[in-house]
Amino acid sequence: TFTVAVVGRPNVGKSTLFNRLAGKRLALVDDTPGVTRDRREADGKLFDLTFRLVDTAGLEEADHASLASRMREQSQRAVEEADVVLFMLDARAGITPSDELFADELRKSDRPVIVLTNKCEGSAGEAGFYEAYELGLGEPVAFSGEHGHGIDELYDRLHAIHEAWREAHDAEDVEADSEEAGQDVVQLAVVGRPNVGKSTLINRLLGEDRLLTGPEAGLTRDAIRVDWHHKGQPMRLVDTAGQRRRARVQDKLEQLAVQDALHAINFAHVVALVADATEGLDRQDLHIAQSVIEEGRALVVVVNKIDAVADADAALRAVRDRLKTSLPQVRGVPVVSLSGLTGRNVETLLDAVLRAYKIWTTKVATPDLNQWLSEVTASHPPPRGRYGKRIRFKYITQPKARPPTFTLFCSQPTEVPGSYTRYLENELRHDFDLPGTPIRFIYKRPK
Ligand code: GDP
């Protein structure tokens, strides 16, 4: 579960925030008799985000002699458990030595931190808000628990961190799934608008009428599964045609196809997006392609029905161009043209799927990555971040594949502009031969 910790010295207003975020079922922990309750835990919710919420409530009652050490210990524990830390300050009181104590701990942890300068209503908190920048924990959020200021911005920040967290965990889940299965089964989803020829293509690929004669399972909510081998590689086809066939209203079909596709993506490693050569890629196709990349799956685009166009090369080029302008962040998405009906070129599809899968599972050795990092940051230095200080990159690791996910440790993780990320991504793609696959970057402060 995504865990949010609220930390800060006593009386800054943590409880008001905690109660605001906490749902009804409030669980108390560390409730041993004789021991001061140090921690509260609850199911938290902010708009559509749900999470586990922990704070260090008991510290409010602690006496001052033991406060510093207890605070350190408790905040450390809460922070260790947290996927994001809400660090609350009292903007009216300014930054106190206790605040700095917390800030030190938080800088040492590699957790994302959102600094909330509370009691910012009116102008009395302005000085404290600007002081909070100096803690080196990123841009503070001007907040007022009592007046409800800053909740939207808190949501935006939480949402972004939650997205990154979810992506990282999705990748782990897929990895765990296939390890459980004992071998790597490439899970392939074939998606696209109605009548682009998906069923025909699948039947051709499998060399038999499996889907059409297939089990009535196709009519249930469950995805159909078909297993086979290609060049010794076990593959599994994940298809959601069943859901599509349930549609009765014709004009809903298109919309439904997109929903189907989005659903299938969840089960797939590689998604083959089929388009009709006589029509090219439309907005919905691009929407699906975009989602495949966002969900961190490998994408192969199929230009089907090339038997039906006079100039197959032109159709292929048109699709490539469209992808280049509409998905500029993933250069080199593989595009294959074929005819499911005549069988022409069909064998190239599974090769492309296998290649996309291999790229998607790539792991680059850490020394190579770091050699690369020092070269690319030397030839095109990172921009300046806060206070005009240049962002410094320290090192890089690849914690995961599927999709290739890189953690870049740098001095100002929240300040790296999109343009620099794109530069790094393009270089990485080029230098380590990772065309067409989604790449994730996570910026962190060095431990
Ligand atoms: P699906 O809805 O995407 O599964 O599409 P189907 O496989 O049911 O095919 C829709 C229509 O396109 C059918 O009439 C097919 O015969 C036709 N079709 C499928 N593949 C091709 C192809 O490669 N070339 C041509 N010319 N027609 C095709």
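Residue 84 in the UniProt record's numbering sits at position 83 of the sequence shown; the count goes up by one each step and never skips.
From the three backbone atoms N, C-alpha and C, an ideal C-beta is built for every residue, glycine too.
From a predicted model like this one, the values you see are computed outputs, not experimental measurements.
Can you list, in chain order, the stretches of the beta strand (DSSP E) that have 3 or more residues and sit fully within the segment 374 to 430? 394 to 401 and 406 to 411
Go ahead and label Lys-306 buried or exposed: buried means 16 or more other beta carbons lie within 10 angstroms of its beta carbon, across all protein chains shown. As a position in the sequence shown, residue 306 is number 305, starting the count at 1. Looking at its Cβ environment, which holds 16 or more other Cβ atoms inside 10 Å, Lys-306 is buried.
Say the cut is 6 Å; is the CB of Leu-342 nearer than that to a heavy atom of ligand 1? As a first step, residue 342 must be located in the sequence shown, where it is residue number 341. Yes.
Mind checking who Pro-235 pairs with in its DSSP beta bridge? Here residue 235 refers to the residue found at position 234 of the sequence shown. Answer by DSSP bridge pairing, in chain order: His-230.
Cβ of Ala-316 within 6 Å of any heavy atom in ligand 1? Mapped onto the sequence shown, residue 316 falls at position 315. Flag unset: Cβ of Ala-316 not near ligand 1.
Whole angstroms are fine: how far does the CA of Arg-10 sit from the CA of Asp-100? As a working mapping, residue 100 is identified with position 99 in the sequence shown. As a working mapping, residue 10 is identified with position 9 in the sequence shown. Each residue's Cα considered, the two are about 6 Å apart.
Which complete alpha helix (DSSP H) runs does the segment 91 to 165 hold, if anything under 4 residues is left out? 98 to 109 and 127 to 133
Of the choices Val-271, Asp-286 and Ser-327, whose alpha-carbon is the least far from that of Arg-298? Translated into the one-based positions of the sequence shown, residue 298 becomes position 297. Out of Val-271, Asp-286 and Ser-327, Val-271 has the C-alpha closest to the C-alpha of Arg-298.
How would you label Asn-119, buried or exposed, when you count the other beta carbons within 10 angstroms and need 16 or more for buried? The residue labelled residue 119 in the question sits at position 118 within the sequence shown. So Asn-119 ends up on the buried side.
Helix, strand or coil: how does DSSP classify Lys-364 here? Locating residue 364 in the sequence shown gives position 363, where the first residue counts as 1. Coil, per DSSP.
Same chain, Cβ closer than 7 Å to Thr-17, neighbours up to 5 away in sequence not counted: Residue mapping note: residue 17 aligns to position 16 of the sequence shown, counting from 1. Excluding sequence neighbours, Thr-17 sits near Gly-146 and Glu-147.
Is Val-304 near ligand 1, going by C-beta to nearest heavy atom under 6 Å? Within the sequence shown, numbered from 1, the residue matching residue 304 stands at position 303. Not under cutoff, so the answer is no.
Could you tell me if the beta carbon of Ser-375 falls within a distance shorter than 6 Å of some heavy atom in ligand 1? Along the sequence shown, read from residue 1 onward, the residue named residue 375 stands at position 374. No, Cβ of Ser-375 sits at least 6 Å from all heavy atoms of ligand 1.
Ignore the nearest five residues each way along the sequence and tell me which others in Ala-357's own chain have a CB closer than 8 Å to its CB. Counting from 1 along the sequence shown, the entry for residue 357 is found at position 356. Val-271, Ala-299, Leu-300, Val-301, Pro-335, Gly-437 and Thr-438.
With a 10 Å radius around its C-beta and 16 neighbouring C-beta atoms as the bar for buried, classify Arg-446 as buried or exposed. Looking up residue 446 in the sequence shown gives position 445. Arg-446 is buried by the Cβ-count criterion.
With distances taken Cα to Cα, identify the nearest neighbour of Tyr-156 among Phe-48, Gly-333, Asn-267 and His-431. Here residue 156 refers to the residue found at position 155 when the sequence shown is read from its first residue. When each option's Cα is compared against that of Tyr-156, the closest is Phe-48.
Do you know whose CA, among Asp-171, Ala-125, Ala-104 and Ser-340, lies nearest Val-116's CA? One-based indexing of the sequence shown puts residue 116 at position 115. Looking at the Cα atoms, Ala-104 is the closest of the given residues.
Between the segment 361 to 379 and the segment 424 to 438, do three or more beta carbon pairs fall short of 8 Å? yes
So what does DSSP say about Glu-295, is it helix, strand or coil? As a working mapping, residue 295 is identified with position 294 in the sequence shown. Looking at Glu-295 - three-state DSSP - the assignment turns out to be helix.
Apart from the five residues on each side of it in sequence, which residues of its chain come closer than 7 Å, Cβ to Cβ, to Phe-394? Counting from 1 along the sequence shown, the entry for residue 394 is found at position 393. Contacts found: Leu-374, Thr-378, Pro-383, Leu-409 and Cys-411.
Let me check understanding here. Comparing Cα to Cα, which of Thr-97, Asp-171 and Arg-194 lies closest to Leu-282? Taking the first residue of the sequence shown as position 1, residue 282 is located at position 281. For Leu-282, the nearest C-alpha among the options comes from Arg-194.
Tell me the residue span of the alpha helix (DSSP H) that contains Ile-440. Counting from one through the sequence shown, the residue named residue 440 turns up at place 439. Segment: none, Ile-440 is in no alpha helix (DSSP H) and carries neither H nor E.
Beta carbon of Val-197, beta carbon of Ala-262: below 7 Å? As a first step, residue 197 is located in the sequence shown; it is residue number 196 there, counting from the start. As a first step, residue 262 is located in the sequence shown; it is residue number 261 there, counting from the start. No. Outside cutoff.
Would you check whether ligand 1 has a heavy atom nearer than 6 Å to the C-beta of Ala-309? In the sequence shown, residue 309 corresponds to position 308, counting from 1. The answer is yes for Ala-309.
Starting from Val-320, trace the alpha helix (DSSP H) in both directions and tell me its first and last residue. Position 319 of the sequence shown, counted from the first residue, corresponds to residue 320. Per DSSP, Val-320 belongs to the alpha helix (DSSP H) from 313 to 327.
Does any heavy atom of ligand 1 sit closer than 6 Å to the C-beta of Ser-200? Along the sequence shown, read from residue 1 onward, the residue named residue 200 stands at position 199. Yes.
8 Å CB neighbourhood of Val-142 in its chain, flanking five on each side removed: By one-based count along the sequence shown, residue 142 stands at place 141. Here the set comprises Ile-115, Val-116, Leu-117, Thr-118, Gly-151, Glu-154, Leu-155 and Arg-158.
Under 7 Å between C-beta atoms of Ala-133 and Arg-112: Here residue 133 is taken as the residue at index 132 of the sequence shown, counted from 1. Here residue 112 is taken as the residue at index 111 of the sequence shown, counted from 1. Going by C-beta atoms, Ala-133 is not nearer than 7 Å to Arg-112.
Considering only DSSP beta bridges, list what Phe-3 is partnered with. If you number the sequence shown from 1, residue 3 lands on position 2. Beta-bridge pairing links Phe-3 to no other residue.
Quick one: measure Cβ to Cβ for Leu-435 and Pro-400, integer angstroms, because I've assumed they're closer than 8 Å. Translated into positions along the sequence shown, residue 435 becomes position 434. Translated into positions along the sequence shown, residue 400 becomes position 399. Contact flag wrong, Cβ pair sits at about 16 Å.
Closest by C-alpha distance to Leu-429, when choosing among Phe-407, Gln-188 and Gln-413: The sequence position of residue 429 within the sequence shown is 428, counting from 1. Of the listed residues, the one whose Cα sits closest to Leu-429 is Phe-407.
Please list the terminal residues of the continuous beta strand (DSSP E) segment that includes Ser-338. What you label residue 338 is simply residue 337 of the sequence shown in a count that begins at 1. 336 to 338 is the extent of the beta strand (DSSP E) around Ser-338.
Please say whether Asp-44 and Phe-19 have beta carbons closer to each other than 7 Å? As a working mapping, residue 19 is identified with position 18 in the sequence shown. As a working mapping, residue 44 is identified with position 43 in the sequence shown. No, the pair does not count as a contact, with Cβ atoms beyond the cut-off.
Measuring only from the beta carbon, is Val-197 closer than 6 Å to any heavy atom that is part of ligand 1? Counting from 1 along the sequence shown, the entry for residue 197 is found at position 196. Answer for Val-197: yes, Cβ within range of ligand 1.
Could you compute how far the alpha carbon of Arg-246 sits from the alpha carbon of Val-239? Here residue 246 corresponds to residue number 245 of the sequence shown, with the count starting at 1. Here residue 239 corresponds to residue number 238 of the sequence shown, with the count starting at 1. Because the pLDDT of Arg-246 is 43, which lies under 50, any placement of that residue in the model is unreliable, and the number read from its coordinates should be weighed accordingly. Near 15 Å, if we compare the C-alpha coordinates of Val-239 and Arg-246.
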